[in-house]
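Asks:
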Amino acid sequence: MTNFTMEEYEFLKELGIGPQNLGCYVNGTWKATGPVISTVNPASNQIIAEVYEASARDYEEGMSACAEAAKIWVQVPAPKRGEIVRQIGDALRANLQQFGRLVSLEMGKILPEGIGEVQEVIDMCDFAVGLSRQLNGSIIPSERPNHMMLETWNPLGIVGVITAFNFPCAVLGWNACIALVCGNCVVWKGAPTTPLVTIAMTKIVASVLEKNNLPGSIFTAFCGGAAVGQAIAMDTRIPLVSFTGSSKVGLAVQQTVSQRFGKCLLELSGNNAIIIMDDADIKLAVRSVLFAAVGTAGQRCTTCRRLLVHESIYDKVLEPLVDVYKQVKIGDPLEKGTLLGPLHTRTSRENFEKGIHNIKSQGGKILTGGSVVESEGNFVRPTIVEISSKAEIVKEELFAPVLYVMKFKTFEEAVEINNSVPQGLSSSIFTRNPENIFKWIGPQGSDCGIVNVNIPTNGAEIGGAFGGEKGTGGGREAGIQSTMGVNYHWLKESILASEIGADTPVSLLNSSCKVLMIAPESLK
Numbered sequence: 001m002t003n004f005t006m007e008e009y010e011f012l013k014e015l016g017i018g019p020q021n022l023g024c025y026v027n028g029t030w031k032a033t034g035p036v037i038s039t040v041n042p043a044s045n046q047i048i049a050e051v052y053e054a055s056a057r058d059y060e061e062g063m064s065a066c067a068e069a070a071k072i073w074v075q076v077p078a079p080k081r082g083e084i085v086r087q088i089g090d091a092l093r094a095n096l097q098q099f100g101r102l103v104s105l106e107m108g109k110i111l112p113e114g115i116g117e118v119q120e121v122i123d124m125c126d127f128a129v130g131l132s133r134q135l136n137g138s139i140i141p142s143e144r145p146n147h148m149m150l151e152t153w154n155p156l157g158i159v160g161v162i163t164a165f166n167f168p169c170a171v172l173g174w175n176a177c178i179a180l181v182c183g184n185c186v187v188w189k190g191a192p193t194t195p196l197v198t199i200a201m202t203k204i205v206a207s208v209l210e211k212n213n214l215p216g217s218i219f220t221a222f223c224g225g226a227a228v229g230q231a232i233a234m235d236t237r238i239p240l241v242s243f244t245g246s247s248k249v250g251l252a253v254q255q256t257v258s259q260r261f262g263k264c265l266l267e268l269s270g271n272n273a274i275i276i277m278d279d280a281d282i283k284l285a286v287r288s289v290l291f292a293a294v295g296t297a298g299q300r301c302t303t304c305r306r307l308l309v310h311e312s313i314y315d316k317v318l319e320p321l322v323d324v325y326k327q328v329k330i331g332d333p334l335e336k337g338t339l340l341g342p343l344h345t346r347t348s349r350e351n352f353e354k355g356i357h358n359i360k361s362q363g364g365k366i367l368t369g370g371s372v373v374e375s376e377g378n379f380v381r382p383t384i385v386e387i388s389s390k391a392e393i394v395k396e397e398l399f400a401p402v403l404y405v406m407k408f409k410t411f412e413e414a415v416e417i418n419n420s421v422p423q424g425l426s427s428s429i430f431t432r433n434p435e436n437i438f439k440w441i442g443p444q445g446s447d448c449g450i451v452n453v454n455i456p457t458n459g460a461e462i463g464g465a466f467g468g469e470k471g472t473g474g475g476r477e478a479g480i481q482s483t484m485g486v487n488y489h490w491l492k493e494s495i496l497a498s499e500i501g502a503d504t505p506v507s508l509l510n511s512s513c514k515v516l517m518i519a520p521e522s523l524k
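Here the sequence shown stands for residues 1 to 524, numbered as in full-length UniProt numbering.
(1) Here's the rule I'm using: 16 or more other beta-carbon atoms within 10 Å means buried, otherwise exposed. How should Asp315 be labelled?
(2) In the DSSP assignment, the alpha helix (DSSP H) including Gln119 goes from what residue to what residue?
(3) To the nearest angstrom, how far is the alpha carbon of Val171 from that of Gly468?
(4) Have a look at Pro79 and Val181 and give me their C-alpha separation to the nearest angstrom.
(5) Just the C-alpha distance for Leu15 and Phe99, rounded to the nearest angstrom, thanks.
(6) How is the beta strand (DSSP E) around Lys189 delimited, first residue to last?
(7) For Ala280, which residues in the same chain have their Cβ closer than 6 Å to its Cβ, ignoring the five residues on either side in sequence?
(8) Identify whether Phe99 lies in helix, strand or coil by the three-state DSSP scheme.
(9) For the putative contact between Glu106 and Leu196, defined by C-beta atoms under 8 Å, what is the C-beta separation to the nearest angstrom?
(10) Within the region 376-437, note down every full beta strand (DSSP E) run reaching 3 residues or more, in order along the chain.
(11) Look up His344 in the DSSP assignment and say whether it is helix, strand or coil.
(12) Considering only the alpha carbon of each residue, which of Val286, Leu334 and Lys360 lies closest to Glu392?
(13) Could you check what DSSP says for Thr152 in three-state terms: helix, strand or coil?
(14) Could you pull the DSSP bridge partners for Gln20 from this structure?
(15) When burial is assigned at 16 or more other CB atoms within 10 Å of the CB, is Ile84 buried or exposed?
(16) With a threshold of 6 Å on Cβ separation, who are the neighbours of Ala164 within its own chain once the five nearest residues in sequence on each side are excluded?
(17) Looking only at its chain, what residues have a beta carbon closer than 6 Å to the beta carbon of Gly62, apart from the 5 residues adjacent to it on each side?
(18) Can you check DSSP and say which residues form a bridge with Ile162?
(19) What residue range is occupied by the uninterrupted beta strand (DSSP E) comprising Glu267?
(20) Is there contact here, the region 349-356 with the region 313-331, by at least three beta-carbon pairs under 8 Å?
(21) Comparing alpha-carbon positions, which option in Leu284, Gly473 and Ile450 lies nearest Phe466?
(22) Of the residues Gly474, Glu386 and Val40, which one's Cα is nearest the Cα of Thr194?
(23) Assign Gly463 to one of two classes, buried (16 or more other C-beta atoms within 10 Å of its C-beta) or exposed (fewer than that).
(24) Assuming Lys365 is part of the beta strand (DSSP E), what are its boundary residues?
(25) Determine the DSSP secondary structure at Arg306, reduced to helix, strand or coil.
(26) For Leu509, name the three-state secondary structure that DSSP assigns.
(27) Would you check if the region 378-390 and the region 339-349 touch, i.e. whether three or more CB-CB distances between them fall below 8 Å?
(28) Going by CA-CA distance only, name the one from Lys470, Ser269 and Ala233 that's closest to Val257.
(29) Return the chain-ordered list of same chain residues with a C-beta closer than 6 Å to the C-beta of Gln299, the five sequence neighbours on each side being excluded.
(30) Cutting at 8 Å between CB atoms, please list the residues of its own chain near Arg133, excluding the five before and the five after it.
(31) Locate the alpha helix (DSSP H) running through Thr202, then write down its first and last residues.
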């Protein structure tokens with residue numbers, strides 16, 4: 001039984017969402033012959049609407065049509081493909097407020113974050129439009145007389161995108177916008193707990209394709225669970241699979257895709273640290289830690305989970321930090337002034353409780369929080385824990401607003417602690433010392449893919465490559481690099497001369513890429 005008649009859900013009709021929804025967009029039509037699921041509001045655990053998921057038959061029909069559409073889409077000039085992506089961005093602009101509200105309602109993040117996520121997709125569309133006129137190759141001097149060597153890139157054909165609940169549309173934007181302008185069709189499986197976002201986003205894309213008399217199967221979408229994800233991972237028609245989720249599931253996806261010699265782009269677990277040196281701006285650092293650790297209820301892959309504080313300023317940092325934690329307003333994410341919404345599911349709340357139990361059993365001391373909020377929703381209190389950096393639980397990602405704090409004596413010790421976990425996504429240091437800054441961003445500093453200075457670990461920008469190292473996966477989303485060995489299929493060296501001509505595919509080996517972000521004003 002849905003609560004779709006409630007006034008707070010009226011806006012969903014503007015996005016094409018009803019009480020019952022077909023969850024597959026295949027061959028340009030909406031259909032679904034799989035099981036029916038209910039999507040719920042995490043602030044109340046009340047049902048919002050019902051969605052029919054994909055069946056194996058739906059999947060095969062969609063993939064067959066998508067493979068045919070790929071033959072058409074690749075022939076469309078790149079700037080014209082960019083024009084389609086531009087129109088998608090404009091359609092999102094027209095629905096920004098309603099779509100952002102849906103993201104907040106179904107995922108649980110506060111309304112400014114929901115709107116901000118949709119804006120991120122719009123920004124990604126704008127970025128990709130510019131790239132559509134810059135997919136350049138190279139002319140390389142040949143060592144042979146009267147020869148010319150060229151490099152160019154070809155589309156993969158189809159890119160599979162599997163996204164997670166915490167950013168139900170932004171991650172799709174990072175991948176799909178680039179894939180489309182590069183000449184690839186997209187097959188998307190959204191998170192099973194945010195199907196309405198998947199449907200609303202797909203309806204917007206589908207309307208643009210239809211208006212331009214293009215096959216709807218250029219963009220194919222499925223609502224579904226692990227079975228659909230497994231089908232994508234196993235499908236040889238999909239040369240590249242981009243997966244966002246846990247390291248455990250990501251490893252299984254990678255192994256499945258690798259067995260068929262496919263490519264993977266993995267954005268997995270993060271265990272991000274902020275280091276506060278003894279010369280840091282403490283007020284700036286405390287504000288940044290609060291945003292990084294509490295934002296999205298601790299459910300970002302870039303959430304700050306570990307806080308490393310120089311022993312000489314430990315109390316000066318912890319006292320104001322604990323104080324502001326106690327002032328955080330917890331409540332309905334759609335209400336103005338709320339800073340901390342609910343965890344996404346009841347299971348997430350249970351995992352928080354289990355995590356607190358394990359923290360205490362491993363010697364952790366709760367400085368504030370550490371309990372659930374008794375309500376119909378999935379609310380928990382933001383938590384600060386004093387614990388040893390060597391505790392086993394510190395090396396794991398607890399997807400909740402739980403911050404581990406610990407002391408260090410030297411810069412070298414702080415870097416060692418930062419790098420001691422299996423994950424390697426984002427990291428940050430607060431300092432005014434240029435020597436420490438350049439050590440931090442260098443090869444003997446942070447081993448993460450995103451390296452920040454005097455700003456939080458979260459809040460990455462679409463203009464730079466996004467991704468991590470070690471257990472966080474590999475490959476990069478967004479940024480110019482994403483068009484290079486990610487969505488394009490191989491590097492072609494063409495040797496052209498009157499006597500000889502050849503096309504020789506060679507491998508493209510990308511080194512580890514770090515994205516550096518510094519706030520210059522903080523160095524004063």
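Even for Gly, the Cβ is constructed at its ideal location relative to N, Cα and C.
Note that this is a predicted model, so its numbers are computed, not measured.
Replies: Once the coordinates are examined:
(1) Numbered from its first residue, the sequence shown carries residue 315 at position 315. By the 10 Å Cβ count, Asp315 comes out exposed.
(2) The residue given as residue 119 occupies position 119 in the sequence shown. Leu111 to Leu131 is the extent of the alpha helix (DSSP H) around Gln119.
(3) By 1-based counting over the sequence shown, the position of residue 171 is 171. By 1-based counting over the sequence shown, the position of residue 468 is 468. Going by the C-alpha atoms only, they are around 15 Å apart.
(4) Here the question's residue 79 lines up with position 79 in the sequence shown. Here the question's residue 181 lines up with position 181 in the sequence shown. One C-alpha to the other measures close to 8 Å.
(5) Here the question's residue 15 lines up with position 15 in the sequence shown. Here the question's residue 99 lines up with position 99 in the sequence shown. In a straight line, the C-alpha of Leu15 is about 7 Å away from that of Phe99.
(6) Along the sequence shown, one-based indexing puts residue 189 at 189. Note, Lys189: beta strand (DSSP E), Cys185 to Lys189.
(7) Numbered from 1 along the sequence shown, position 280 holds the residue referred to as residue 280. Cβ within range, chain order: Phe430 and Thr431.
(8) Within the sequence shown, numbered from 1, the residue matching residue 99 stands at position 99. The answer is helix: DSSP assigns Phe99 an H, G or I state.
(9) Counted from its first residue, the sequence shown places residue 106 at position 106. Counted from its first residue, the sequence shown places residue 196 at position 196. Right, the Cβ-Cβ distance comes to about 5 Å (below 8 Å), so this counts as a contact.
(10) 383-386, 402-408 and 426-430
(11) By one-based count along the sequence shown, residue 344 stands at place 344. Note: His344 maps to coil in three-state DSSP.
(12) In the sequence shown, counting from the first residue as 1, residue 392 sits at position 392. Nearest option by C-alpha distance: Lys360.
(13) Position 152 of the sequence shown, counted from the first residue, corresponds to residue 152. Thr152: strand per DSSP, three-state reduction.
(14) Along the sequence shown, read from residue 1 onward, the residue named residue 20 stands at position 20. DSSP lists Glu50 as partners of Gln20.
(15) Within the sequence shown, residue 84 is the residue found at index 84, counting from 1. Under this definition Ile84 is a buried residue.
(16) Within the sequence shown, residue 164 is the residue found at index 164, counting from 1. Contacts found: Ala191, Thr244 and Gly245.
(17) Within the sequence shown, residue 62 is the residue found at index 62, counting from 1. The answer, listed in chain order, is Val26 and Thr220.
(18) Counting from 1 along the sequence shown, the entry for residue 162 is found at position 162. Under the DSSP definition of a beta bridge, Ile162 partners with Lys189 and Phe243.
(19) One-based indexing of the sequence shown puts residue 267 at position 267. Where Glu267 is concerned, the enclosing beta strand (DSSP E) stretches over Lys263 to Glu267.
(20) No, they do not touch.
(21) For this step, residue 466 is matched to residue 466 along the sequence shown. With distances taken between Cα atoms, Phe466 lies closest to Ile450.
(22) On the sequence shown, position 194 is the one that residue 194 refers to. Checking every option, the nearest Cα to that of Thr194 belongs to Val40.
(23) Translated into the one-based positions of the sequence shown, residue 463 becomes position 463. Its Cβ having fewer than 16 others within 10 Å, Gly463 is exposed.
(24) Position 365 of the sequence shown, counted from the first residue, corresponds to residue 365. Lys365 to Thr368 is the span of the beta strand (DSSP E), which, as asked, contains Lys365.
(25) In the sequence shown, residue 306 corresponds to position 306, counting from 1. Strand, per DSSP.
(26) In the sequence shown, the residue the question calls residue 509 occupies position 509. The predicted model places Leu509 with a pLDDT of 27, which falls under 50 and marks its position as unreliable; any figure quoted below should be read in that light. It is coil, neither helix nor strand.
(27) yes
(28) For the purposes of this step, residue 257 is identified with residue 257 of the sequence shown, where counting begins at 1. Nearest C-alpha to Val257: Ala233.
(29) Against the sequence shown, residue 299 aligns to sequence position 299. Counting only Cβ-Cβ distances below 6 Å, and skipping sequence neighbours, we find Asn166 and Phe399.
(30) If you number the sequence shown from 1, residue 133 lands on position 133. Correct list, in chain order: Ala78, Pro79 and Gly82.
(31) Sequence index remark: in the sequence shown, residue 202 carries index 202 (1-based). Unbroken alpha helix (DSSP H) run through Thr202: Pro195 to Lys211.
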